[in-house]
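One structure is given below, encoded as C-alpha cells.
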Amino acid sequence: MKRIVTGILAHVDAGKTTCIESMLYTSKTIRKLGRVDHQDAYLDYDNQERERGITIYSKEAHFHWKDSEIYLIDTPGHVDFSSEMERSLQVLDLAILLINGQDGIQSHTSTIWKCLKHYKIPTLIFINKMDISYKTQEELMNDLKVHFSSNCINFKSKDAEDELSMLNEDIMNHYLETEEVDSSLLQQAIFKRECFPVFFGSALKIQGIKDLMDAIIDLSFIQEYPEDFGARVYKISSDDQGNRLTHVKITGGVL
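Taken in order, the sequence shown gives residues 31 to 285; the numbers are from my numbering.
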C-alpha cells in the first residue's frame, strides 16, 4: 500500500479548497460538498478563514483511494501567508500545482514554481475552472511550456505518449522495444522533475478530479525509508483547548 503525502499549492482564488472538497467527496470521506463562499468547507474551519474566504493556515486531510492512503496538505494561496505554505513543502512526496484556467499563470504561481524547483518537489499540474475559462487547453499548455518547462505534458492529449517516450534515454529505449511507456521509469522521471503531468477540469463540477486522484497514486515514486526512527517537524499549532500539537512526517521506523 502506498502512503503519499501531497500538498495543493496555488495563487489565491484558484480553487484549492474546492479541489480538496471534491477529492474528499469523490473518495467518500465526506458526504456533502462544502463551499468556501458558503463558509462550510471541510478544512476552512477557522473563523478568520470563513469570514475572509481564504486559507490562512496549512491543514491536513486524509483519505483512501485505489488501495492507497493520501495525506493531503492544504496550503495558503495568499502571498501574505507564503511562509506557511513553504514550511509544508519539505514533507511532500508530491505537489499539486493548481492553476486558474481563467487567468493562467499568475505572479504568485511563478513564485510557487520557483519554490518547488528549489526544494526539488515532483509536481503534477491541475488547471481548474475549465468550465468557465475562455482559454483553450492548447493556449494554457503553451504558457506552461514557455514559462515553466517544455516537459509539461497534457496526459490526456493524443500526443502524450509520443512526448513521454522522449523524456530520457531509458524511457525511449523501452518504448522502441515495446511501444509502451514503462510506468516505473515514468515515475522516476517525474520524481526527478524531468516531467510535469498536466490535467484539466473543474473542481466545482467534480470534472477531472478522478483523473487527478488516479495520477497521485499511479505517478508517484515513493522512496524507501530506513528502519531507524526519524521524523521531520513542519508545523506546531494549538487546539481549541490550548494543547500544543506537533505536526510531523515520519521518515523512518515507527512512532
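The C-beta atom is built at its ideal place from N, Cα and C for all residues, glycine as well.
When only Cα atoms are considered, Ala-233 and Tyr-149 end up about 27 angstroms apart.
Taken through DSSP and simplified to helix, strand or coil, Lys-46 comes out as helix. DSSP places Val-35 in the uninterrupted beta strand (DSSP E) bounded by 33-40. Note that the C-beta distance between Leu-102 and Phe-156 is not below 7 angstroms.
With a beta-carbon spacing of about 6 angstroms, Phe-229 and Ala-245 fall inside the 8 angstroms limit used to define contacts. A residue is called buried when at least 16 other Cβ atoms come within 10 angstroms of its Cβ; Met-31 does not meet this threshold and is exposed. With 16 or more neighbouring CB atoms inside 10 Å of its own CB, Asn-130 falls in the buried class. Rounded to the nearest whole angstrom, the C-alpha separation of Asp-104 and Ser-140 is 18 angstroms. If you keep only unbroken alpha helix (DSSP H) runs of at least 4 residues inside the stretch 210-257, you get 213-221 and 239-249. Note on Met-53: 16 or more other CB atoms within 10 angstroms of its CB, so buried under the neighbour-count rule. In the DSSP secondary-structure assignment, Thr-105 is not bridged to any residue. Secondary structure in the stretch 111-195: the alpha helix (DSSP H) runs of 4 residues or longer, each lying completely within the stretch, are 112-119, 137-148, 167-177 and 190-195 in chain order.
For Thr-59, the secondary structure class from DSSP, reduced to helix, strand or coil, is coil. Around the beta carbon of Ile-126, 16 or more other beta carbons lie within 10 angstroms, which makes this residue buried.
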